[in-house]
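Beneath this line is the structure, given in structure tokens, with notes to follow.
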Amino acid sequence: MSVFDTVLAVDWSAAKRKPPRESKDAIWLGVARGGTAEQQIYCRSRQEAEAWISSFLEQEQAARRRVLAAFDFPFGYPRGFARRITGSDDPFALWHWLEERIEDAEDGSNNRFDVASEMNRLFAGTGPFWGKPDQTRWPDIPYRKAGIAYKDVPERRRADLAAKAASSCFQLFFNPTVGSQVLMGLPVLQRLRLRHKAAVWPFENIAAAQIVFAEIWPGLIEPAVKAAMAVAGREEIRDRVQMRLLSQALSRLPAEELSEMLAAVPEEAQEEAWILGTGHDDRLNALARDEPGGLTPPPLSNDCFALPAGVDWTPVDDALALLRDRLGPVTGAETVPLADALGRVLAEDAAAKRANPPLPNTAVDGYGFAGGRAEGPHELPLVPGRAAAGVPFDGTVPEGSAIRVLTGAALPDGVDTVILEEDVNTDGTRIAFNGPLKQGANTRKAGEDVCAGERILPAGRVITPADLALASATGLAQLTVRLPLRVGVLSTGDELVEAGETAGKGQIFDANRPMLLALIRQLGFVPVDLGKAADDREALRAHLDGAAAQTDVILTSGGASAGDEDHMSALLREAGALQEWRIALKPGRPLALGMWQGTPVFGLPGNPVAALVCTLIFARPAMGLMAGAGWQEPQAFEVPAGFEKRKKPGRREYLRARVRDGRAEVFKSEGSGRISGLSWAEGLVELGDSAAEIKPGDPVRFLPYGSFSM
1 MSVFDTVLAV DWSAAKRKPP RESKDAIWLG VARGGTAEQQ IYCRSRQEAE
51 AWISSFLEQE QAARRRVLAA FDFPFGYPRG FARRITGSDD PFALWHWLEE
101 RIEDAEDGSN NRFDVASEMN RLFAGTGPFW GKPDQTRWPD IPYRKAGIAY
151 KDVPERRRAD LAAKAASSCF QLFFNPTVGS QVLMGLPVLQ RLRLRHKAAV
201 WPFENIAAAQ IVFAEIWPGL IEPAVKAAMA VAGREEIRDR VQMRLLSQAL
251 SRLPAEELSE MLAAVPEEAQ EEAWILGTGH DDRLNALARD EPGGLTPPPL
301 SNDCFALPAG VDWTPVDDAL ALLRDRLGPV TGAETVPLAD ALGRVLAEDA
351 AAKRANPPLP NTAVDGYGFA GGRAEGPHEL PLVPGRAAAG VPFDGTVPEG
401 SAIRVLTGAA LPDGVDTVIL EEDVNTDGTR IAFNGPLKQG ANTRKAGEDV
451 CAGERILPAG RVITPADLAL ASATGLAQLT VRLPLRVGVL STGDELVEAG
501 ETAGKGQIFD ANRPMLLALI RQLGFVPVDL GKAADDREAL RAHLDGAAAQ
551 TDVILTSGGA SAGDEDHMSA LLREAGALQE WRIALKPGRP LALGMWQGTP
601 VFGLPGNPVA ALVCTLIFAR PAMGLMAGAG WQEPQAFEVP AGFEKRKKPG
651 RREYLRARVR DGRAEVFKSE GSGRISGLSW AEGLVELGDS AAEIKPGDPV
701 RFLPYGSFSM
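So for the sequence shown, full-length UniProt numbering puts the first residue at 1; every next one is plus one.
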């Protein structure tokens, strides 16, 4: 029997408030008693989760049940961190410090990056916290980890190394955001432990405590989770499965084994904390399974597109997160005149050399004088002369006098207010008008648009004609831009021949390479035609070697699935550089993502439809990131469906579509070889990972080709 009556497992999140419908990457709670998982609870926000947990612990205390509450984020930081922040090695001093500073609203908005900035300033050099959603904000937090030495404190705790957890509690952004989870979680634990008099393992003696908090990591039971997901299908939420199985495994642990796990911690754990179950992965996986030791037959299916049970297909969002996390700018910079900057990516912030407008000026044609005027009639004498744009008045307008001014003219000395000429009567020597008129009316202040030294264009911006106008107006004659991204395109396959050549039996014309080369040019990159390679591994290796020397990124089509002749994935795997290659999308799940001699490679499917979809969804935003323009999401619109479709769960689907009469209509066939559908379509309809039954009039997500810059 377990030493605890109840186990509560908590999957925490630093994300914003989630929708009412149960979803992934939210906060999930799992409750188990007597070795049985009883319930899983979905919480939309951290406030909702804290309130539920507090109420639950209160009920358990009233029922005299002993509770193990296990949370899936680090309870401590690497050795030496707490002392640098608080002056003490006591982890609770750090919990208290964070609880005093972290602000968290119901909608999920919070100040965690501000607090991390404050902590970073207490360390010499760069870091230790890194990762943020905006490169220009929080200057004390580096956007990427590169350049952080981790001399003052280690990057990872001993517990992370022992459990083989790749994440770091200093990573605030880009998946996995463990660092943000810690900052948003420890203040909650501080309040809960004080409110319910909980003991925290391994910092405190837990022998007499009714409520015990412990740190867990769901990665310890990943094999059991994968097996359960293979049976449940893609419609199941992975976070819910994790909490069900983890709470179940901990609840099934015999008292002796659990006591042994709780006792076996190193000295560093008194400051850094420890992950419960580290080193006992096999035992936890055995206890986590619904039927330990049993085999579950795969579900029957006559659909060749069904996901094979047990195969670790990668969801689209996970693959995109991988690209966002691992890629960055790869091109150098050069300074060019404004005339050559259109469409280029700005390599550094551009600041105004001069204010715009440089001097106070008039916004209208009229008459200028000093001060406002009260209600009623007014008459002022005119001084000889006038002020016009480029022809300033050389003198001072006396108090109580007025002068003729034209739009854009610098305000003469003695003038701060202008009245419209339409509101004035004049005989050439005097003007008459009615008040009231506010001081400063119809004038522009110096620097009203842009101040001298102000940033006018951020690094990463793709220069537009309007940007050139702004740069020129503020005195800039040249800009520092990124060198254009060179994108190589290579086709593979013995069956391919060039258009215009004689096609033999079993041969087809290469449609992918012309399409992709044109698309690369349209996206603003430099296309590099790498030709085609035969279905020979060594020939393909030679092509890749040559391509890596002359390009910044390589797109290949064909040879990205699991067939015997698909050499692309085999070569990338052989080089130890294959990251993800079975993406759960249709069309195009055979997609290889890897590195060849330091050059990113996108192994696209051979079918033209799948090749284009994979390029738009994956390669386009990744290439924008490598070009220095940042990660760019396509602009989507909700429109009524003009079609019917029953979609199975497990993969995200993209249908060739166009909008007619306000409704999205889709191409008559979903076949990846139907090239005519690409020309027929004007965009894509995106269907989510879950099952769906779409009827005419239902809202669907439409991504016009224009949103991909094509």
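All C-beta atoms in this analysis are idealised placements derived from N, C-alpha and C, irrespective of residue type, glycine included.
Just so it is clear, the structure is predicted and the values come from calculations on it, not from any experiment.
**Message:** Suppose the cutoff is 8 Å on Cβ atoms and the five residues either side in sequence are ignored; what does the same chain contact list for residue 396 look like?
**Reply:** Around residue 396: 412, 413, 414.
**Message:** Strictly by DSSP, which residues pair up with residue 478?
**Reply:** Per DSSP, 337.
**Request:** Since I believe residue 492 is in contact with residue 535 (beta carbons under 8 Å), could you give me their beta-carbon distance rounded to a whole number of angstroms?
**Result:** Residue 492 and residue 535 do touch by the CB rule: their CB atoms are close to 7 Å apart, below 8 Å.
**Asked** Roughly how many angstroms separate the alpha carbons of residue 55 and residue 103, rounded to a whole number?
**Response** Within the model, the alpha-carbon separation for residue 55 versus residue 103 is close to 22 Å.
**Prompt:** Would the beta-carbon of residue 628 fall within 9 Å of that of residue 329?
**Reply:** Closer than 9 Å, so yes.
**Prompt:** What is the DSSP secondary structure of residue 226, counted as helix, strand or coil?
**Reply:** Note: residue 226 maps to helix in three-state DSSP.
**residue 461 versus residue 705: straight-line alpha-carbon distance, rounded** = Each residue's alpha carbon lies about 21 Å from the other.
**Message:** Going by DSSP, what residue range makes up the beta strand (DSSP E) through residue 614?
**Reply:** For residue 614, no beta strand (DSSP E) run applies; the uninterrupted alpha helix (DSSP H) run containing it begins and ends at 608-614, by DSSP.
**Request:** Would you mind reading off the limits of the alpha helix (DSSP H) that contains residue 465?
**Result:** From DSSP, the alpha helix (DSSP H) with residue 465 extends over 465-473.
**Request:** Since I believe residue 7 is in contact with residue 250 (beta carbons under 8 Å), could you give me their beta-carbon distance rounded to a whole number of angstroms?
**Result:** About 5 Å; that satisfies the 8 Å criterion.
**Message:** Can you tell me whether residue 87 is helix, strand or coil according to DSSP?
**Reply:** DSSP places residue 87 in coil when its eight states are reduced to three.
**Request:** Mark residue 62 as exposed unless 16 or more other C-beta atoms lie within 10 angstroms of its C-beta, in which case mark it buried.
**Result:** Exposed, because fewer than 16 other Cβ atoms sit within 10 Å of the Cβ of residue 62.
**Request:** Quick one: residues in its chain with C-beta nearer than 8 Å to the C-beta of residue 303, no 5 flanking neighbours on either side, listed in chain order?
**Result:** Low confidence applies to residue 303: its pLDDT is 32, below 50, so where it sits in the model is not reliable enough to give any reading.
**Asked** What span of residues does the beta strand (DSSP E) with residue 680 cover, start to end?
**Response** Note, residue 680: premise wrong, no beta strand (DSSP E); alpha helix (DSSP H) at 676-680.
**Prompt:** What are the boundary residues of the beta strand (DSSP E) that includes residue 656?
**Reply:** Residues 652-660.
**Item:** Coarse secondary structure for residue 427, derived from DSSP in three states
**Value:** DSSP, read as helix, strand or coil, puts residue 427 in coil.
**Asked** Could you check where the beta strand (DSSP E) with residue 531 kicks off and where it finishes?
**Response** Its beta strand (DSSP E) spans residues 526-533.
**Item:** Contact between the segment 269-289 and the segment 146-160 (3+ Cβ pairs under 8 Å)
**Value:** The segment 269-289, when compared against the segment 146-160, does touch it at the 8 Å Cβ threshold.
**Item:** Residue from 186, 201, 243, 686 with nearest C-alpha to residue 259
**Value:** Per the Cα distances, 201.
**Message:** Using the Cβ count rule (16 or more neighbours within 10 Å means buried), how would you classify residue 522?
**Reply:** Answer is exposed; the Cβ neighbour count stays below 16.
**Message:** Runs of 4 residues minimum, wholly inside the segment 92-180: which ones carry the alpha helix (DSSP H) assignment?
**Reply:** Counting only runs of 4 or more, we get 112-120, 158-163.
**Request:** Going by DSSP, name the residue or residues bridged to residue 219.
**Result:** When DSSP reads this structure, residue 219 sits in no beta bridge, so it has no partner.
**Request:** Using a threshold of 9 Å, state whether the C-beta atoms of residue 360 and residue 416 are closer than that.
**Result:** Between residue 360 and residue 416, the C-beta spacing is below 9 Å.
**Message:** Helix, strand or coil, according to DSSP, for residue 302 in the structure here?
**Reply:** Here the model assigns residue 302 a pLDDT of 26, short of 50, so the residue's position is not dependable and the matter cannot be decided.
**Message:** What does the Cβ neighbour count give for residue 504, buried or exposed, with the cut at 16 atoms within 10 Å?
**Reply:** Residue 504 comes out exposed.
**Asked** Alpha carbon to alpha carbon, what distance is there between residue 552 and residue 599?
**Response** Answer to the nearest angstrom: the Cα atoms are 6 Å apart.
**Coil, strand or helix - residue 82 by DSSP** = If DSSP states are grouped into helix, strand and coil, residue 82 belongs with the helices.
**Prompt:** Can you tell me whether DSSP reads residue 206 as helix, strand or coil?
**Reply:** DSSP places residue 206 in coil when its eight states are reduced to three.
**Asked** To which residues of the same chain is residue 143 closer than 8 Å at the C-beta, ignoring the five residues directly before and after it?
**Response** Same-chain partners within the cutoff: 130, 131, 132, 135.
**DSSP beta-bridge partners of residue 595** = Answer is 600.
**Prompt:** Where do the N-terminal and C-terminal ends of the beta strand (DSSP E) with residue 378 fall, by residue?
**Reply:** That run of the beta strand (DSSP E) goes 373-387.
**Request:** Let me know the beta strand (DSSP E) ranges lying completely inside the segment 22-83, each 3 residues or longer, listed in chain order.
**Result:** The qualifying runs are 27-33, 36-43, 67-71.
**Prompt:** Going by alpha carbons, who is nearest to residue 410 out of 511, 368, 374, 450?
**Reply:** Checked all of 511, 368, 374, 450; the closest Cα to residue 410 is 368.
**Asked** Using the rule of at least 16 other Cβ atoms within 10 Å of the residue's Cβ for burial, across every protein chain shown, is residue 318 buried or exposed?
**Response** With fewer than 16 other Cβ atoms from the protein chains shown falling within 10 Å of its own Cβ, residue 318 counts as exposed.
**Among 449, 405, 375, 624, the one whose alpha carbon lies nearest that of residue 436** = Minimum Cα-Cα distance from residue 436 among the listed residues 449, 405, 375, 624 corresponds to 375.
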